[in-house]
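These notes concern the structure reproduced below.
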């Protein structure tokens with residue numbers, strides 16, 4: 190990759206040469222003109238020739254300077270367009286408050302994960318999280334505190350999940366976690382339990398000690414289906430079941446083979 194200064198050397202040489210030529214022609218022009226003024230008589234063609242050389246050299250040098258400036262402006266404009274495109278792409282796929290992927294990006298990634306699980310006969314799970322007590326905090330302390338709390342929750346989610354897990358904010362106080370290539374339902378339960386514990390710890394926001402847990406619903410691939418919309422709907426139902434059983438807990442949508450109960454929960 191060429192360095193900016195190195196790429197400018199040929200142009201600088203041309204510009205310098207053009208202005209040196211103009212200077213040399215200018216000197217000759219002055220000498221010819223002085224001689225003609227002293228001698229009188231017909232106007233010598235060499236004076237006109239030197240004047241044309243001066244004009245051409247100055248025009249070339251100026252054109253090269255302007256060309257260089259235009260190239261720099263075009264390059265800056267292209268870089269700005271690229272940055273704007275990247276920002277627009279980020280905004281289209283991420284939540285502006287927390288910086289997490291949004292619903293659209295989650296759906297896209299979930300479709301890829303489900304297709305991968307189907308193709309390679311792997312297990313996956315979709316966790317649907319709804320915050321417990323967030324509305325009360327938001328109504329009592331205001332939207333600024335509520336926004337700060339959402340940011341803190343998003344940070345805890347990022348820190349709590351594994352490297353290959355995918356976290357997104359899909360609504361006001363709703364989040365989703367996608368678990369790929371898990372061994373079994375027990376692994377999904379372990380992640381859900383960790384999230385319940387981590388999110389249930391107190392938050393220090395604007396001089397307030399706040400508690401905001403989470404109810405989590407879990408739908409598994411392929412046990413509960415292999416369609417993203419269906420999995421979201423089933424995980425949402427399981428989440429409401431968790432809320433109905435005391436909140437701050439997790440529930441599977443359906444029982445594992447051999448289980449008598451329809452769901453499994455852990456309440457803290």
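Residue numbers (the working numbering): 190 to 457. Every residue, glycine too, gets a C-beta built ideally from N, C-alpha and C.
When 320, 323, 410 and 254 are compared, the shortest CA-CA separation from residue 367 is found for 410.
Shown here, residue 323 sits in a helix according to DSSP, grouped into three states. Residue pairing from DSSP places residue 398 in a beta bridge opposite 393.
For residue 348, the enclosing alpha helix (DSSP H) begins and ends at 332 to 349. For residue 357, the uninterrupted beta strand (DSSP E) run begins and ends at 355 to 358, by DSSP. If you look at residue 370, you'll find it in the beta strand (DSSP E) that goes 363 to 371. In chain order, 313, 367 and 369 place their CB closer than 6 Å to the CB of residue 302, counting only its own chain and leaving out the 5 sequence neighbours on each side. Around the CB of residue 380, 16 or more other CB atoms lie within 10 Å, so the residue is classed as buried. Ranked by Cα distance from residue 373, the options 438, 306, 426 and 252 are led by 306.
If only uninterrupted beta strand (DSSP E) runs of at least 3 residues are considered, those enclosed by the region 415 to 444 are 439 to 441.
A Cβ-Cβ contact shorter than 8 Å links residue 389 with residue 402. Residue pairing by DSSP places residue 410 opposite 313 in a beta bridge. According to the DSSP assignment, residue 384 belongs to the alpha helix (DSSP H) that extends over 374 to 388. Pairing residue 339 with residue 287 gives a Cβ-Cβ distance under 8 Å. Under DSSP, residue 403 shares a beta bridge with 320.
The straight-line gap separating the alpha-carbon atoms of residue 298 and residue 341 is approximately 24 Å. Its Cα nearest to that of residue 443, the residue 413 stands out among 413, 334 and 348.
Nearest neighbour of residue 349 by Cα position, chosen from 329, 386, 360 and 376, turns out to be 386. A direct Cα-Cα distance of roughly 10 Å separates residue 277 from residue 271. With a contact defined as Cβ atoms closer than 8 Å, residue 378 and residue 315 miss out at about 14 Å. The beta carbon of residue 318 lies closer than 6 Å to those of 364, 403 and 405 in the same chain, with the five residues before and after it left out. A buried status is given to residue 427, since no fewer than 16 other beta-carbon atoms sit within 10 Å of its beta-carbon. Of 331, 321 and 371, the smallest CA-CA separation from residue 311 is found for 371. The C-beta distance from residue 343 to residue 421 rounds to 19 Å, too long to meet the 8 Å contact threshold. Taken atom to atom, the span from the alpha-carbon of residue 434 to that of residue 440 is near 9 Å.
Comparing C-alpha distances from residue 359 to each of 285, 256, 252 and 391 shows the shortest one belongs to 285.
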